[in-house]
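Colleague: Below: one structure in structure tokens.
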Amino acid sequence: MDTLRDFFTIQARRFARETFLKFGEQQYSYEDLDDRTDHVATGLNRMGLRPGDRIALLLCNRPEFIFFLLGAPKLGFIPVPLNPDDSYDDIAFIMQHCTAAAIVTEKRFSGLRPRIPKATCWIEVDDESFGKPPFQNLSSGPVLSFWPDLSADDPALISYTRETSGQLKAVVLTHSNLLSNGSQMLLPFRFNETDRFLCSSPLHSLEAEILLVFAPLVAGGCCLLQECGSPRVIQEIYKNQATVLAGTPEFLKAISESKTFSGTDLSSLRLAICHSGPVGNGALVAFQDRHDVLVAEVYNRAEATCLICANPYAGVRRLGSLGFPLPGQECAIIDAQGRELPPGIPGKIAVRGPNVMKEYYKDPEATARALRDGWLHTGDSGCMDADGYYWRIPDSKFQIPD
16 MDTLRDFFTI
26 QARRFARETF
36 LKFGEQQYSY
46 EDLDDRTDHV
56 ATGLNRMGLR
66 PGDRIALLLC
76 NRPEFIFFLL
86 GAPKLGFIPV
96 PLNPDDSYDD
106 IAFIMQHCTA
116 AAIVTEKRFS
126 GLRPRIPKAT
136 CWIEVDDESF
146 GKPPFQNLSS
156 GPVLSFWPDL
166 SADDPALISY
176 TRETSGQLKA
186 VVLTHSNLLS
196 NGSQMLLPFR
206 FNETDRFLCS
216 SPLHSLEAEI
226 LLVFAPLVAG
236 GCCLLQECGS
246 PRVIQEIYKN
256 QATVLAGTPE
266 FLKAISESKT
276 FSGTDLSSLR
286 LAICHSGPVG
296 NGALVAFQDR
306 HDVLVAEVYN
316 RAEATCLICA
326 NPYAGVRRLG
336 SLGFPLPGQE
346 CAIIDAQGRE
356 LPPGIPGKIA
366 VRGPNVMKEY
376 YKDPEATARA
386 LRDGWLHTGD
396 SGCMDADGYY
406 WRIPDSKFQI
416 PD
């Protein structure tokens, strides 16, 4: 498996001047992406950072987020996306927990600076100083002539995810994890270089990063980036001829109930991926009956990079189910002793594959509980029906559908 740096080089040669990223009137080709991420890695290196250093990203939806997300791992730096809507207490806690060596942010967060250790390198991408020393190499100038060796098993991202209990867990994902999960989606969703992925979901979320940045990158497609929560989602689908959407049930429901949804030509859109919960019959009918858009419900966990299961693009989709495991992954329903259970018997969901995380950052005990005998133990209850579809069990009263 390639590292991200190797893979970007391959894609830049393969797709060259094809557009990878569009943000308003700004457009960046695959060659531009390779060049700009080279500059990010070079600039961080020349500012004194070293492989393994964590780089916090506290940014809204903007191209710089993607350049740092994809550029930092080229030299072994590890991006740590932060939620701009979190409290300063939560942001400061994560910064201290991951001992970030740098923070890439915007001027509006300058009030947070006293909460961050003085040794932290502070980079504001919307400040006039961004293109000047010591930051000039982040966007221009010569790049490194020699690049150090990296391993596909090196960390390439730390994603902080909040459990239902409110506890934060720091999931460490490798180059191999990210590229594997991106590749695993190609066949189930028929992704290719003609697809245009509309991203108005917050880029700090792992689902947006994998489904709407890495997926188009692996497929050779285009990411249509919008400001987070933009009210112009439907208009942008039409204007940019988007083919793929992805979001939460609430996101898809809001689109389907919009006043302009029925009257706008959305014939370019072929797929809406619903993650983090069931889509609901109302939104499903609205997308499929009014615009012939396939809605695919999926099962996602940060510890598995993102997607584990999905309802099929071609075939029977069962509303409310998790679908089938993606190619290259195995799922099982197991009992308390770790024994695999037959169809129809409820148990716990376990998964294995190249997309399973490396570890929880600074938490070996939690890592040992989650990664056992080659399997990721998700902790989610579920079952598999006689046809191989997986289902989550929200409570003990759940009955397996006929």
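Whatever position you read off the sequence shown (first residue = 1), add 15 for my numbering.
Cβ atoms here follow ideal geometry from the backbone N, Cα and C, with glycine treated the same way.
May I ask you to list the residues that DSSP assigns as paired with W162?
Modeller: Answer by DSSP bridge pairing: none, since W162 is not bridged.
Colleague: If I follow the unbroken beta strand (DSSP E) through P231, where does it start and stop?
Modeller: Counting along the chain, P231 falls outside any beta strand (DSSP E), though it belongs to the alpha helix (DSSP H) covering 230-234.
Colleague: Using the rule of at least 16 other Cβ atoms within 10 Å of the residue's Cβ for burial, across every protein chain shown, is D68 buried or exposed?
Modeller: The residue is buried, with at least 16 neighbouring Cβ atoms inside 10 Å.
Colleague: Under 7 angstroms Cβ to Cβ from N315, same chain only, skipping five residues before and after it: list those, please.
Modeller: Correct list, in chain order: E222, H290, S291, C321, L322, I323.
Colleague: Which residue's Cα is closest to the Cα of T135: R123, N98, F145, V119?
Modeller: If we check each option's Cα against that of T135, V119 comes out closest.
Colleague: By alpha-carbon positions, which one of L165, R211, V228 ends up nearest to H219?
Modeller: It is V228 whose Cα lies nearest to the Cα of H219.
Colleague: Start and end of the alpha helix (DSSP H) containing P379?
Modeller: Note, P379: alpha helix (DSSP H), 379-385.
Colleague: Can you tell which of G343, K122, I249, I109 has its C-alpha closest to the C-alpha of A376?
Modeller: According to the sequence provided, residue 376 is Tyr. The question's Ala does not apply to it. Measuring from the Cα of Y376, the nearest candidate turns out to be I109.
Colleague: Pairs of beta-carbons, one from the stretch 348-362 and one from the stretch 296-315, closer than 8 angstroms: are there three or more?
Modeller: In short, these stretches do not touch, since the Cβ pair count stays below three.
Colleague: Who are the Cβ neighbours of G397 in its own chain at under 8 angstroms, not counting the five residues just before and after it?
Modeller: Contacts found: L337, I348, P361, G362, K363, I364, Y405, W406, R407, I408.
Colleague: Leaving out the 5 sequence neighbours to the left and right, which residues in its chain are closer than 6 angstroms to S216 when beta-carbon positions are compared?
Modeller: Counting only Cβ-Cβ distances below 6 angstroms, and skipping sequence neighbours, we find A223, G262.
Colleague: Go through the stretch 129-209 residue by residue and report every complete run of the alpha helix (DSSP H) that reaches 4 residues or more, in order.
Modeller: Qualifying alpha helix (DSSP H) stretches, in chain order: 190-199, 201-204.
Colleague: Determine, using beta-carbon pairs with one atom in the stretch 378-393 and one in the stretch 194-209, whether at least three such pairs fall under 8 angstroms.
Modeller: Judged by Cβ distances under 8 angstroms, the stretch 378-393 makes no contact with the stretch 194-209, as fewer than three pairs qualify.
Colleague: Give me the residue from F83, A230, A311, L59 with the minimum Cα distance to N207.
Modeller: With distances taken between Cα atoms, N207 lies closest to A230.
Colleague: Taking P94 and P88 to be in contact with their CB atoms under 8 angstroms, please state how far apart those CB atoms are, rounded to whole angstroms.
Modeller: Indeed, because the Cβ distance is near 7 angstroms, the residues count as touching under 8 angstroms.
Colleague: Kindly indicate which three-state DSSP category P88 falls into: helix, strand or coil?
Modeller: Of the three classes helix, strand and coil, the one that applies to P88 here is helix, per DSSP.
Colleague: Please report how far the alpha carbon of R177 lies from the alpha carbon of L183, in whole angstroms.
Modeller: Taking the straight line from one Cα to the other gives about 4 angstroms.
Colleague: Between which two residues does the beta strand (DSSP E) containing L64 stretch?
Modeller: Run containing L64: none; DSSP gives neither H nor E here.
Colleague: Are the beta-carbon atoms of R305 and F266 separated by less than 9 angstroms?
Modeller: Against a cut-off of 9 angstroms, the Cβ pair of F266 and R305 comes out as no contact.
Colleague: Within the present structure, is the beta-carbon of L356 separated from the nearest heavy atom of the ligand COA by less than 8 angstroms?
Modeller: Of ligands this structure carries none, so the ligand COA is not represented either.
Colleague: Could you check how far apart the C-beta atoms of D104 and K122 are, in whole angstroms? I think they sit under 8 angstroms.
Modeller: At roughly 21 angstroms, the Cβ-Cβ gap does not stay under 8 angstroms, so D104 and K122 are not in contact.
Colleague: Please state the DSSP three-state secondary structure of S396.
Modeller: S396 falls in the strand class under three-state DSSP.
Colleague: Skipping 5 residues on each side, what residues in its chain have a beta carbon closer than 8 angstroms to that of L19?
Modeller: Correct list, in chain order: L85, P88, K89, A171, H190, L193, L194.
Colleague: Measuring CA to CA, which of T52, P342, L240 is closest to F83?
Modeller: Ranking the options by Cα distance to F83, first place goes to T52.
Colleague: So, for Q414: in the same chain, excluding its five sequence neighbours on each side, which residues have a beta-carbon less than 8 angstroms away from its beta-carbon?
Modeller: Because Q414 carries a pLDDT of 49, less than 50, the predicted location of this residue cannot be relied on, and no value is offered for it.
Colleague: Go ahead and pull the three-state DSSP assignment for G370.
Modeller: It should be pointed out that residue 370 corresponds to Asn in this sequence rather than to Gly. The answer is coil: DSSP assigns N370 none of H, G, I, E or B.
Colleague: Could you check if P340 is buried or exposed, using at least 16 other CB atoms within 10 Å of its CB as the buried criterion?
Modeller: It is buried - the Cβ of P340 has at least 16 other Cβ atoms within 10 Å.
Colleague: Taking all protein chains shown into account, decide if E40 is buried (16 or more other Cβ within 10 angstroms of its Cβ) or exposed.
Modeller: Exposed: under 16 other Cβ atoms inside 10 Å.
Colleague: Please classify D168 as buried or exposed, where buried requires at least 16 other C-beta atoms within 10 Å of its C-beta.
Modeller: Flag for D168 reads exposed.
Colleague: Which same chain residues end up closer than 8 angstroms to R6 when comparing Cβ atoms and leaving out the 5 residues on each side of it in sequence?
Modeller: Within the shown structure, residues of the chain are numbered from 16 to 417, placing residue 6 beyond reach of any answer.
Colleague: Can you give the Cα-Cα distance for Q250 and D280, rounded to whole angstroms?
Modeller: Rounded to whole angstroms, Q250 to D280 spans 9 angstroms at the Cα level.
Colleague: Could you tell me which uninterrupted alpha helix (DSSP H) segments, each at least 4 residues in length, are contained entirely in the stretch 248-305, listed from first to last along the chain?
Modeller: Qualifying alpha helix (DSSP H) stretches, in chain order: 248-255, 264-271.
Colleague: Can you tell me which of S245, N370, F150, Y328 puts its alpha carbon nearest to the alpha carbon of A287?
Modeller: Comparing Cα positions, the closest option is Y328.
Colleague: Name the residue from I270, G295, R130 whose alpha carbon lies nearest to the alpha carbon of V248.
Modeller: Here the closest residue by C-alpha is I270.
Colleague: In whole angstroms, what separates the C-alpha of A71 from that of C113?
Modeller: Distance between the alpha carbons of A71 and C113: 9 angstroms.
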